[in-house]
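In this note's numbering, the protein residues as written are 72 to 560.
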């Protein structure tokens, strides 16, 4: 480069930093003439250090699916407001799913006490299944119409479902109100709450997803304690009604703050498209939303199983951990506290896992956390046998190790597709995740059976086996993308 001059550099208005990369000379004598930024004090120029070939390859692998990776804000006021809105919205959306145990342990001993554990489990397995299944269709809604309309629809549906749940007394009523209506509402809202982050963040996407999904842990921890006390003070009906009002408040904030980054979309074109879809059958919409072509992609298939197994372990544990404690004649207060510990301890861990994932690779972090989860289940939970002290330690470590799962799913999915296809790919993944979750919850309920102590010990072994299998799938999911290279991915 010595002796070479560059006379003109054209800089787009939205570029604030110019990087001179891989300049192979010893001195820093770079001379730039006639450099006049459009907005003085806003645009700057810097030299980036020479990157190694491995570093450049890692960057290409992490962000190569995006056509214009430099256009992502990765911060700033607008992006951070979207992140805040997503966080508050997920307090309600993921908070409900993460606090299923607080509802299951109550209704199984009260409204549905005369029904077998296997039958009661359908309420909660179908809730998770419908929430995940709906992701494929409602992910397409986000891709087409943006965030606001799906968020409004999701908010109204969640509240309607919870109000109906409060009035439920029989199994089929709980299935219709909670497993179907409430779950559809959370599914509609889930795609814009998570998908909008992929429009604003790229290099910091894992950290952004981690911060946002912490809202689900905050919501679950608060809801678990709140419901336990409200059951005693005002009864089940008003406890669920109060939960519905809190969800309404959180989702209202999300409606205001969360939005997509696609200002070039013309409203007139959107309206025409909507009218066309209304005139055509709903089947055409589902065909466009459900992208079965991803099944041919080994990267997608392996990622789906890698995501599903630890998710099943996490959700079945959160659903049945309180009942497990009650089976060992642990008090109601301590049983609910155990569930709260798992959620609270996941809060700092989820943030740290996002930072580590952005630094060392999302798939790499998931492999490590899956290994740790397997060790914790076999090393602490199985030998605990109702020992409260050991169970508390297990709850702390389990919350830490599993908290990365839900937050890194969007980041890992975004790593194998571009942001304009994220909603459809993410939704399709959750469609299959819903099917696998229903199967996982069903088999877990079969293992638990009548809820005896011996059945719950078998349930712990079942959880450990699934966690061990997840390690294998994460390793092969990573291999399908980068082989056996020791790199950031």
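The beta carbon of each residue, even a glycine, is placed where N, CA and C say it ideally should be. On a predicted model such as this, the values are computed, not experimentally measured, just so you know.
When the beta-carbon positions are compared, residue 260 and residue 229 come within less than 8 angstroms of each other. Look at residue 241 here: in three-state DSSP terms it is coil, with no helix or strand label.
The closest CA to that of residue 255, considering only 299, 205 and 404, is found on 205. Minimum Cα-Cα distance from residue 282 among the listed residues 265, 376 and 324 corresponds to 265.
Counting along the chain, the unbroken alpha helix (DSSP H) around residue 535 starts and ends at 524 to 553. For the pair residue 373 and residue 465, the Cα-to-Cα distance works out to about 29 angstroms.
The beta carbon of residue 395 sits closer than 6 angstroms to the beta carbons of 527 from its chain, once the five residues preceding and following it are set aside; these are given in chain order. Ranking 156, 531, 299 and 497 by CA distance to the CA of residue 363 puts 497 first. Take the alpha-carbon of residue 430 and the one of residue 475: they are about 14 angstroms apart. About 10 angstroms separates the beta carbons of residue 439 and residue 428, which is beyond the 8 angstroms limit, so they are not a contact pair.
Going by C-alpha positions, residue 251 is about 44 angstroms away from residue 556. A buried status is given to residue 198, since no fewer than 16 other beta-carbon atoms sit within 10 Å of its beta-carbon.
Under the DSSP assignment, residue 390 falls in the alpha helix (DSSP H) whose first and last residues are 369 to 398.
Residue 286 is a Cβ neighbour of residue 162, given a cutoff of 8 angstroms.
For residue 327, the enclosing alpha helix (DSSP H) covers residues 306 to 328.
Counting the other CB atoms within 10 Å of its CB gives residue 214 a total of 16 or more, which places it among the buried residues. When the Cα atoms are used, residue 156 and residue 316 turn out to be separated by approximately 17 angstroms. For residue 435, the three-state secondary structure derived from DSSP is helix. Three or more beta-carbon pairs drawn from the stretch 540 to 558 and the stretch 440 to 451 are found closer than 8 angstroms, and the two stretches are therefore classed as touching.
In the three-state reduction of the DSSP assignment, residue 192 falls in the helix class, which pools H, G and I.
Close CB contacts of residue 400 within its chain, under the 6 angstroms cut and outside five residues either way in sequence, are absent. For residue 271, the enclosing alpha helix (DSSP H) stretches over residues 254 to 271. Counting only the Cα atoms, residue 188 lies some 14 angstroms from residue 241. Around the beta carbon of residue 175, a 10 Å sphere encloses 16 or more other beta carbons of the protein chains shown; the residue is thus reported as buried. Per DSSP, residue 487 lies in no alpha helix (DSSP H) segment and is marked neither H nor E.
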